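Undergrad: Got a structure for you, questions after.
There are 2 protein chains.
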Amino acid sequence: MSISKRTFIKSTAAAGLALYAKGESDAAEAQSKSRNYKRISCEEAFSTPETTAELRRLAGGVPSMKSGPIAGSFMTNLLDIGAGRIKGMDEDGVDIQLLSLVSPGVQTFEPANALSLAKLVNDRLADAVKAYPTRFAGLATVAPQAPAETVKELERCIHTLGFKGALINSHTNGEYLDNKKYWPILEALQALNVPLYIHPRDPVPGLEAPLAIPGFAVGWGYAVETGTHALHLIAGGVFDQFPKLQIVLGHLGETLPFLLDRLDNRFQWQMNTFNMKSPLKRKPSEYFRDNFVVTTSGMNYSAPVKAALEAMGPDKVLFAADYPMEVQKDAVEEMEAIKLPAETKKKIFDTNVRRVFRI
Amino acid sequence: MSISKRTFIKSTAAAGLALYAKGESDAAEAQSKSRNYKRISCEEAFSTPETTAELRRLAGGVPSMKSGPIAGSFMTNLLDIGAGRIKGMDEDGVDIQLLSLVSPGVQTFEPANALSLAKLVNDRLADAVKAYPTRFAGLATVAPQAPAETVKELERCIHTLGFKGALINSHTNGEYLDNKKYWPILEALQALNVPLYIHPRDPVPGLEAPLAIPGFAVGWGYAVETGTHALHLIAGGVFDQFPKLQIVLGHLGETLPFLLDRLDNRFQWQMNTFNMKSPLKRKPSEYFRDNFVVTTSGMNYSAPVKAALEAMGPDKVLFAADYPMEVQKDAVEEMEAIKLPAETKKKIFDTNVRRVFRI
């Protein structure tokens, strides 16, 4: 199932020309104009035949969620970063998708292989964005296993390929990004002035067994894994070292906006109880409000969206559909149905996404 | 540091008579009448010299948070279930405290010792409630390590001692209550028609290391441990077996109200992806809304309170201060400061607590 890069791009581009319905595109354009905002969704997954094959090889040929969602009916949608996806966006009312390689990215591969596949994936994505420059934007796939080379690849992705940031799927070999071996990557992201999206994956080894609750491994387990990662970054002093670094969390911040005041309160209580001086310059919530933004991926629901807006402010919440894990049309309709001021909705769908990712 | 039961009660009662300020009590009564609701707080901790000594012994004589908060300046407050506590309630504007033994209860002790200390603690608490029947109510301390004997002790606690329910501090020896060895306890609680408060403690062994984030072990670690426990109960079919069982979660439901719609969505998605038929009769959120209520302990903050109210409805949120872990006065003032309809505030402080605990 190996397809050369050229053949892959050529075939998707050809399919694009054949399938692309001009009329629908015009309709979407008209609808978008009547709105006064575009709908930009910023946690939208794709895959490639090569990374899919490698995930399957590592899983012993068995499709397994453990090695990423390489099973299931949505593989076709994942692999399509051409006309089929554009058609779906038109139908569902999404103007721009910010694309990223599906979890767990290349993070489960051997370092050299991970780096080489990351470059391949980044080239593929750049071609797709080039084919549809007003409809797609890209986030760099990175191989944290090879930090020095990843810094170079990040510079290529931002300066040459025009990507808007990078995405890392939580832990790499059980390690979070507070581990200083990864700090060159964080330093590069700050220097490049682009955000890092930290996306969920299966939890670190310790968390894995208790969180393997039938039916809740994603809804709860992913949130715990990624929220834990975010708090390790704060506790590890990452934002004292890199004060301009911007982290994007999906799923409305993996529950953390619900907890901000309590996190501050108990942080101070733990410091007092153990007669410790805080190793941090600021309160936990200050880092969370200044160094993080959250997207609505998989969480386009009224109660948590309003809580995130109240906890973080109207400039910190960005729309995402989480396609194709979620039904894109439902995500759009659910967000549109939430009772919010018109200017807040414009910020969520459009202004905030453009500002954070410089789209 | 061993004090006989009689001496303990006598000394606290004597201190009560000496310290109790009649004037302040009258003032509190007048204030409470001008309100149109009482303030009943329902996750309020106490301790006893004997359980404290046993926790310290197990910790090798070293005060350690790991074996419960046996260090720190709040021991005096924890041990006072007499006049000093009442005086504080008057000053802080709390009418009734629903008392429970501080985490981790007797759950880290050997079974026979745990059972015997649970009985002692329950007797002590019954005496305190008897001394201040309009100001205190009690939750039974239980020893899940001894399920059969615990069923008998629960019957005594409810029928003879007049307690309003029971409290268990999350896991016992790394096991959650979905383990069928504990089901006789759940069956008894349903039969007795009283709720079970599931309170946090240090996480199960697997979760412990990744969640030991400096400064976030309580704010995040406790929520993950207890939320994980709650979802194990749902996934384990506990509420199909005991459909009338009522679970109380503190800290506004340990983030779960923020996630209800996503939990349903991803639950169904996981079933579809793996071609599984759900082993449950209902959707996860239906159990959560029907078999759970949440309290505001440590979470008397606007954004999450409003989210919990929207997600669960106005009848499912109950006031708690989390004394003496939290500053009781702050908890009252923070909840009073949240902009909510007057009838909702009355429900949270009073009506909901009375209904759930039959106070």
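Those sequence lines, one after another, are chains P and C.
Each step along the first sequence adds one to the number in our numbering, with nothing skipped, and position 304 is 1047.
Each step along the second sequence adds one to the number in our numbering, with nothing skipped, and position 205 is 948.
By construction, the Cβ of each residue, glycine as well, lies at the ideal position given by its N, Cα and C atoms.
Fair warning: this is a prediction, and the values are worked out from it, not measured in the lab.
Check whether the Cβ of Phe982 (chain P) lies closer than 8 Å to any Cβ atom in chain C.
TA: no
Undergrad: Can you tell me the Cβ-Cβ gap for Lys1088 (chain P) and Asp835 (chain P), rounded? I've got them flagged as a contact below 8 Å.
TA: Not really, about 17 Å apart at Cβ, beyond 8 Å.
Undergrad: Which residues in the same chain have their Cβ closer than 8 Å to the Cβ of Lys765 (chain C), if we skip the five residues on either side of it in sequence?
TA: Summary for Lys765 (chain C): the model assigns pLDDT 45, below 50, so the residue's position carries little reliability, and this model does not support an answer.
Undergrad: Using a Cβ-Cβ cut-off of 8 Å, state whether Arg1005 (chain P) counts as contacting chain C.
TA: Closer than 8 Å: yes.
Undergrad: Nearest by alpha-carbon distance to Glu892 (chain C): which of C:His914, C:Ala861, C:Pro1067 and C:Lys1020 is it?
TA: C:Ala861
Undergrad: By the 10 Å Cβ neighbour count, where 16 or more other Cβ atoms means buried, how is Val1096 (chain P) classified, buried or exposed?
TA: The residue is buried, with at least 16 neighbouring Cβ atoms inside 10 Å.
Undergrad: Where do the N-terminal and C-terminal ends of the alpha helix (DSSP H) with Tyr1030 (chain C) fall, by residue?
TA: Pro1027 to Asn1034
Undergrad: Checking 8 Å against the spacing of the C-beta atoms, do Met1019 (chain P) and Arg1005 (chain C) come in under that value?
TA: no
Undergrad: If you run the structure through DSSP and keep just helix, strand and coil, what is Lys809 (chain P)?
TA: Reliability fails at Lys809 (chain P), whose pLDDT of 43 lies under 50, so the model's placement of it is uncertain and no value is given.
Undergrad: Let me know the beta strand (DSSP E) ranges lying completely inside the segment 1000 to 1062 of chain C, each 3 residues or longer, listed in chain order.
TA: 1035 to 1038
Undergrad: In whole angstroms, what separates the C-alpha of Val894 (chain C) from that of Leu910 (chain C)?
TA: 13 Å
Undergrad: Less than 8 Å between CB atoms is the rule here; does Leu950 (chain C) satisfy it with respect to chain P?
TA: yes
Undergrad: Applying the criterion that 16 or more other CB atoms from any shown protein chain within 10 Å of the CB defines a buried residue, is Asp1065 (chain P) buried or exposed?
TA: Buried: at least 16 other Cβ atoms inside 10 Å.
Undergrad: Could you give the DSSP three-state label for Val1070 (chain C): helix, strand or coil?
TA: Secondary structure of Val1070 (chain C) (DSSP, three-state): coil.
Undergrad: Can you pull the chain P neighbours of Ile956 (chain C), defined as C-beta to C-beta under 8 Å?
TA: Thr971, Leu974, His975 and Ala978
Undergrad: Would you say Arg1009 (chain P) reaches chain C, if we count a Cβ-Cβ gap shorter than 8 Å as a contact?
TA: yes
Undergrad: Start and end of the beta strand (DSSP E) containing Ser859 (chain P)?
TA: Counting along the chain, no beta strand (DSSP E) covers Ser859 (chain P); the unbroken alpha helix (DSSP H) around it starts and ends at Pro854 to Ala874.
Undergrad: Which residues in the same chain as Glu997 (chain C) place their Cβ atom closer than 6 Å to its Cβ, once the five residues preceding and following it in sequence are excluded?
TA: Ala966, Thr969 and Gly970
Undergrad: Rounded to a whole number of angstroms, what is the C-alpha to C-alpha distance between Ala756 (chain C) and Pro792 (chain C)?
TA: With a pLDDT of only 36 at Ala756 (chain C), under the threshold of 50, the placement of this residue in the model should not be trusted; the figure read from the coordinates follows. So the two alpha carbons sit approximately 16 Å from each other.
Undergrad: In angstroms, rounded to a whole number, what distance separates the CA positions of Phe1010 (chain P) and Ala871 (chain P)?
TA: 45 Å
Undergrad: In whole angstroms, give me the CA-to-CA distance for Asp833 (chain C) and Ser784 (chain C).
TA: 13 Å
Undergrad: List the residues of chain C that Lys1049 (chain P) touches, going by C-beta distances under 9 Å, in chain order.
TA: Ala1046, Lys1049, Ala1050 and Glu1053
Undergrad: Using CA atoms only, rank isn't needed, just tell me which of C:Phe852, C:Gln850 and C:Asn820 is closest to Leu842 (chain C).
TA: C:Asn820
Undergrad: Kindly list the residues whose CB is nearer than 6 Å to the CB of Phe1092 (chain C), restricted to its own chain and excluding five residues on each side of it in sequence; keep chain order.
TA: Tyr780, Arg782 and Phe1062
Undergrad: Answer yes or no: do Ala937 (chain P) and Ile901 (chain P) have a C-beta to C-beta separation smaller than 8 Å?
TA: The residue asked about is misnamed: residue 937 (chain P) is Val in this sequence, not Ala. In contact: Val937 (chain P) and Ile901 (chain P) (Cβ atoms closer than 8 Å).
Undergrad: Do Ala880 (chain C) and Leu1100 (chain C) count as a contact pair if the criterion is CB distance below 8 Å?
TA: Correcting the residue identity first, residue 1100 (chain C) is Phe in this sequence and not Leu. It is a contact, given that the beta carbons lie within the stated cut-off.
Undergrad: Quick one: is Phe1017 (chain P) buried, meaning 16 or more other Cβ sit within 10 Å of its Cβ, or exposed?
TA: exposed
Undergrad: Taking Leu841 (chain C) as part of the alpha helix (DSSP H), name the residues at either end of that continuous run.
TA: Unbroken run through Leu841 (chain C) is the beta strand (DSSP E), Ile839 to Leu844; no alpha helix (DSSP H).
Undergrad: Go through its chain and collect everything with a Cβ distance to Pro1084 (chain P)'s Cβ below 8 Å, but skip five positions before and after it.
TA: The same chain holds no residue with a CB closer than 8 Å to that of Pro1084 (chain P) once the five nearest residues on each side in sequence are set aside.
Undergrad: For the beta strand (DSSP E) containing Leu910 (chain C), list its first residue and its last residue.
TA: Ala909 to Asn912
Undergrad: Looking only at its own chain, which residues have a Cβ that is under 6 Å from the Cβ of Ile928 (chain C), when we skip the five neighbours before and after it?
TA: Pro890 and Thr893
Undergrad: Which chain D residues are close to His942 (chain C), counting only those with a beta carbon under 9 Å from its beta carbon?
TA: In summary, chain D is missing from the structure at hand, where the protein chains are P and C.
Undergrad: Go through its chain and collect everything with a Cβ distance to Lys1114 (chain P)'s Cβ below 7 Å, but skip five positions before and after it.
TA: Outside the shown range of chain P (744 to 1102) lies residue 1114 (chain P), about which nothing can therefore be said.
Undergrad: Which bits of chain P does Gln888 (chain C) rub up against, with CB to CB less than 7 Å?
TA: Residues of chain P passing the Cβ test: none, with the nearest at roughly 20 Å.
Undergrad: Mind listing, in chain order, the continuous alpha helix (DSSP H) runs of no fewer than 4 residues lying wholly within the segment 937 to 1000 of chain C?
TA: 948 to 954, 966 to 978, 981 to 984 and 994 to 997
Undergrad: Gln1013 (chain P) CB to nearest chain C CB: under 8 Å?
TA: yes
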